[in-house]
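Peer 1: Chains as they are written, first to last, in this note's numbering: chain X, 605 to 805; chain P, 605 to 805. Provided herewith is a single structure, encoded as C-alpha cells, for subsequent inquiry.
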C-alpha cells in the first residue's frame, strides 16, 4: 500500500511540475511516466485518463497554494488590508524564486490551465472555476474584517474580492509575458485601489 | 499573385480561429491545412514553421483588435475616462457574441497564448510582450488626457495603464474559467478605481 501511494504521488508531482513549466498539451502521459519512473500500464491503474490526472493535479496544486502562500498571507498578525498586500509580496517572491531557478516566470498554475483548457474540457473548467472562487474567500474575509474595523467604507466585499483575484491573475499573466516578476512587485500594491468606494468616471 | 495572397490569408484566418477556439498545441498544421483547403507543402512555402505562422497570426489578431474594439473604444466623442469604460463594454459584447455563437467564452487571444507559450518560445513571448505594451498606449493616452482636463489627479499614467491592462487580462481569464461574460459586465467598470490616487492600506 505504501509503495502504491508513493507511485501515485510521484506521478502527481511530476505532472504538476511539467504542466506548470509548460502547459497541458505540451506534456504527454509517456513523458510523465518516464520522468516519474512509472510504467504506462501502471499510470492508467491510478488515473483512467490524462483528464483524471489533471483534476488530481489541480487538487494538489490548490491544497499547496492554500497551505503555503494563502496561509502565510492571511495570518492574523497584521491588519486585514496588510494581509492582501502581503499576498502580493509572497506571490512576487514565488515568481522570483521560480525565475531564478528556471529562467522563466511560470505564471499561475490555475490561470495557465484556465486559459488553455476552459473551452475544451468542462470538468477541468468547472474545477478551475471552483478554485478561483475558493481563492476569493480569504480575500473577501479580509475585506469584511477591514469594513468591520472601519479601515474601509462599506462596499460589496464579494465583488471587490472577485475583482482582486482577477487583478492578481492578470498581473501574473503579464509578468509571465514579460518574463519579469517586477511587474508583480511594482503593480501589486495597486490591488488595494480596487477597494475604494465609487469610481472616478 | 492574387491567388497566392489568398492562400496565405486563408491559412492565417483558419489558424487564428482555431488557436482562439482551442489553444496553440491543441491545433496541428495538418488540421489547419485541411480546414483551409491548402496542401501541406504549400503551407511550408508560406510559413517555414508553426512558430512563423503564429507570429503572423498575432500580427493579424492585433491589427484586428486595434482597428475594431480599440478604435471604437477610444474615439474622441466622449470624455477620456468614458472611453476606458466603453472599452470594457465592447469587450463584454464581444464575449457575449462569441459565447452565443460557440457556447464558450474564448478569452483573450493574446492572454491565451501568453499563458500557454511564454515559457516555451521566446520569439512568441516577446511579440506578446510588445502587444501588451501597445495595448497600454491608448489607455495611457486617455489617462493623460483625463489628468490634463482635471478629471483625474496627477498620477503615474504609465503604471496605471499597465495595471488596467493587467486587470482586463485577468477579468477576461476569469470570465473564460466561469464561461460567463457577465464577469466582465459586472466587474469591468471597477477598472477606473485603479486610477484613484493613494491606496487604502
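Ideal Cβ placement from N, Cα and C applies to all residues, glycine included. All figures in this text were calculated on a predicted structure; none of them were measured in a lab.
Does any residue of chain P have a CB that is nearer than 8 angstroms to the CB of residue 668 of chain X?
Peer 2: Sequence index remark: in the first chain, residue 668 of chain X carries index 64 (1-based). It does not; no Cβ of chain P falls within 8 angstroms.
Peer 1: How about residue 633 of chain P: is its C-beta nearer than 8 angstroms to some C-beta of chain X?
Peer 2: Along the second chain, one-based indexing puts residue 633 of chain P at 29. No, because no Cβ of chain X sits closer than 8 angstroms to the Cβ of residue 633 of chain P.
Peer 1: Check for me: the alpha helix (DSSP H) holding residue 648 of chain P runs from which residue to which?
Peer 2: For the purposes of this step, residue 648 of chain P is taken as residue 44 along the second chain, with counting starting at 1. Note, residue 648 of chain P: alpha helix (DSSP H), 644-650.
Peer 1: Can you give me the C-alpha to C-alpha distance between residue 614 of chain X and residue 620 of chain X, rounded to a whole angstrom?
Peer 2: For this step, residue 614 of chain X is matched to residue 10 along the first chain. For this step, residue 620 of chain X is matched to residue 16 along the first chain. Residue 614 of chain X and residue 620 of chain X: Cα-Cα distance of roughly 10 angstroms.
Peer 1: Which chain X residues are close to residue 629 of chain P, counting only those with a beta carbon under 7 angstroms from its beta carbon?
Peer 2: Residue numbering aside, residue 629 of chain P sits at position 25 when the second chain is read from its first letter. Simply 627, 629, 630.
Peer 1: Check the C-beta distance from residue 736 of chain X over to residue 722 of chain X and give it rounded, since I have them as a contact under 8 angstroms.
Peer 2: Here the question's residue 736 of chain X lines up with position 132 in the first chain. Here the question's residue 722 of chain X lines up with position 118 in the first chain. Here residue 736 of chain X is actually not in contact with residue 722 of chain X; their C-beta atoms are around 11 angstroms apart, not less than 8 angstroms.
Peer 1: Closest by CA to residue 791 of chain P, which one among P:627, P:692, P:765?
Peer 2: For the purposes of this step, residue 791 of chain P is identified with residue 187 of the second chain, where counting begins at 1. The shortest CA-to-CA distance from residue 791 of chain P to any of P:627, P:692, P:765 is the one to P:692.
Peer 1: At 4 residues or longer, what runs of the alpha helix (DSSP H) sit wholly inside the segment 696-725 of chain P?
Peer 2: 713-721
Peer 1: Tell me whether residue 767 of chain X is buried or exposed, calling it buried when 16 or more other Cβ atoms sit within 10 Å of its Cβ.
Peer 2: As a working note, residue 767 of chain X is residue 163 in the first chain. With 16 or more other Cβ atoms within 10 Å, it is buried.
Peer 1: Between P:612, P:777, P:609, P:801, which lies nearest to residue 696 of chain P when the distance is taken from Cα to Cα?
Peer 2: The count along the second chain starts at 1 and reaches residue 696 of chain P at position 92. That would be P:777, whose Cα lies nearest to the Cα of residue 696 of chain P.
Peer 1: Please report whether the beta-carbon of residue 611 of chain P lies at a distance below 8 angstroms from any beta-carbon of chain X.
Peer 2: Translated into the one-based positions of the second chain, residue 611 of chain P becomes position 7. No, residue 611 of chain P does not count as interfacial toward chain X.
Peer 1: Compare the Cα-Cα distances from residue 769 of chain P to each of P:658, P:612, P:741 and report the closest residue.
Peer 2: Indexing the second chain from 1 puts residue 769 of chain P at position 165. Taking only the C-alpha atoms, the option nearest residue 769 of chain P is P:741.
Peer 1: DSSP on residue 629 of chain X, reduced to helix/strand/coil?
Peer 2: The sequence position of residue 629 of chain X within the first chain is 25, counting from 1. Reduced to three states, the DSSP call for residue 629 of chain X is coil.
Peer 1: Using the beta-carbon of each residue, which ones in chain X are nearer than 8 angstroms to residue 772 of chain P?
Peer 2: Taking the first residue of the second chain as 1, we reach residue 772 of chain P at position 168. Simply 774.
Peer 1: Is the beta carbon of residue 797 of chain P closer than 8 angstroms to that of residue 798 of chain X?
Peer 2: To locate residue 798 of chain X, count along the first chain from 1; it is residue 194. To locate residue 797 of chain P, count along the second chain from 1; it is residue 193. Taking 8 angstroms as the Cβ cut-off, residue 798 of chain X and residue 797 of chain P qualify as a contacting pair.
Peer 1: Is residue 719 of chain X close to chain P? Criterion is C-beta to C-beta, closer than 8 angstroms.
Peer 2: On the first chain, residue 719 of chain X is found 115 positions in, with the first residue counted as 1. A Cβ of chain P is located within less than 8 angstroms of the beta carbon of residue 719 of chain X.
Peer 1: Let me confirm a value: residue 800 of chain P is counted as buried when at least 16 other C-beta atoms fall within 10 Å, else exposed. Which label applies?
Peer 2: In the second chain, the residue the question calls residue 800 of chain P occupies position 196. The residue is buried, with at least 16 neighbouring Cβ atoms inside 10 Å.
Peer 1: Provide the residue span of the alpha helix (DSSP H) that contains residue 783 of chain X, from first to last.
Peer 2: Looking up residue 783 of chain X in the first chain gives position 179. Residue 783 of chain X -> no alpha helix (DSSP H), and no H or E assigned at all.
Peer 1: Compare the C-beta of residue 761 of chain P with all C-beta atoms of chain X and state if any pair is closer than 8 angstroms.
Peer 2: As a position in the second chain, residue 761 of chain P is number 157, starting the count at 1. Chain X, which has no Cβ nearer than 8 angstroms to the Cβ of residue 761 of chain P, makes this no.
Peer 1: Residue 708 of chain P touches chain X at which residues, Cβ-Cβ below 7 angstroms?
Peer 2: For the purposes of this step, residue 708 of chain P is taken as residue 104 along the second chain, with counting starting at 1. Neighbours of residue 708 of chain P on chain X, chain order: 723.
Peer 1: Looking only at its chain, what residues have a beta carbon closer than 6 angstroms to the beta carbon of residue 756 of chain X, apart from the 5 residues adjacent to it on each side?
Peer 2: Within the first chain, the letter at position 152 stands for residue 756 of chain X. Counting only Cβ-Cβ distances below 6 angstroms, and skipping sequence neighbours, we find 750, 799.
Peer 1: To the nearest whole angstrom, what separates the beta carbons of residue 715 of chain X and residue 719 of chain P, a pair I think is in contact under 8 angstroms?
Peer 2: What you label residue 715 of chain X is simply residue 111 of the first chain in a count that begins at 1. What you label residue 719 of chain P is simply residue 115 of the second chain in a count that begins at 1. At roughly 6 angstroms, the Cβ-Cβ gap stays under 8 angstroms, so residue 715 of chain X and residue 719 of chain P are in contact.
Peer 1: Compare the C-beta of residue 703 of chain P with all C-beta atoms of chain X and state if any pair is closer than 8 angstroms.
Peer 2: On the second chain, position 99 is the one that residue 703 of chain P refers to. It does not: the Cβ of residue 703 of chain P has no partner Cβ on chain X nearer than 8 angstroms.
Peer 1: Which chain X residues are close to residue 766 of chain P, counting only those with a beta carbon under 7 angstroms from its beta carbon?
Peer 2: Taking the second chain and counting its residues from 1, one reaches residue 766 of chain P at position 162. What residue 766 of chain P touches in chain X: 791.
Peer 1: Which residue's Cα is closest to the Cα of residue 724 of chain P: X:708, X:675, X:726?
Peer 2: What you label residue 724 of chain P is simply residue 120 of the second chain in a count that begins at 1. It is X:708.
Peer 1: Report all residues from its chain with a CB closer than 7 angstroms to the CB of residue 677 of chain P; omit the five preceding and five following residues, and keep chain order.
Peer 2: Within the second chain, numbered from 1, the residue matching residue 677 of chain P stands at position 73. Answer for residue 677 of chain P: 687, 690, 691, 694, listed in chain order.
Peer 1: Here's a check: name, in chain order, each residue in its chain whose Cβ is nearer than 6 angstroms to the Cβ of residue 622 of chain X, leaving out the five neighbours to either side.
Peer 2: Walking along the first chain from the start, residue 622 of chain X turns up at place 18. Same-chain partners within the cutoff: 631.
Peer 1: Grouping DSSP H, G and I as helix and E and B as strand, with all else coil, what is residue 757 of chain P?
Peer 2: Position 153 of the second chain, counting from 1, holds the residue named residue 757 of chain P. Three-state DSSP puts residue 757 of chain P in coil, outside helix and strand.
Peer 1: Does the beta carbon of residue 715 of chain X sit closer than 8 angstroms to a beta carbon anywhere in chain P?
Peer 2: Here the question's residue 715 of chain X lines up with position 111 in the first chain. Chain P, which has a Cβ nearer than 8 angstroms to the Cβ of residue 715 of chain X, makes this yes.
Peer 1: Report the option in X:753, X:783, X:785, X:743 whose CA atom is closest to the CA atom of residue 765 of chain X.
Peer 2: On the first chain, position 161 is the one that residue 765 of chain X refers to. When only C-alpha atoms are compared, the closest one is X:743.
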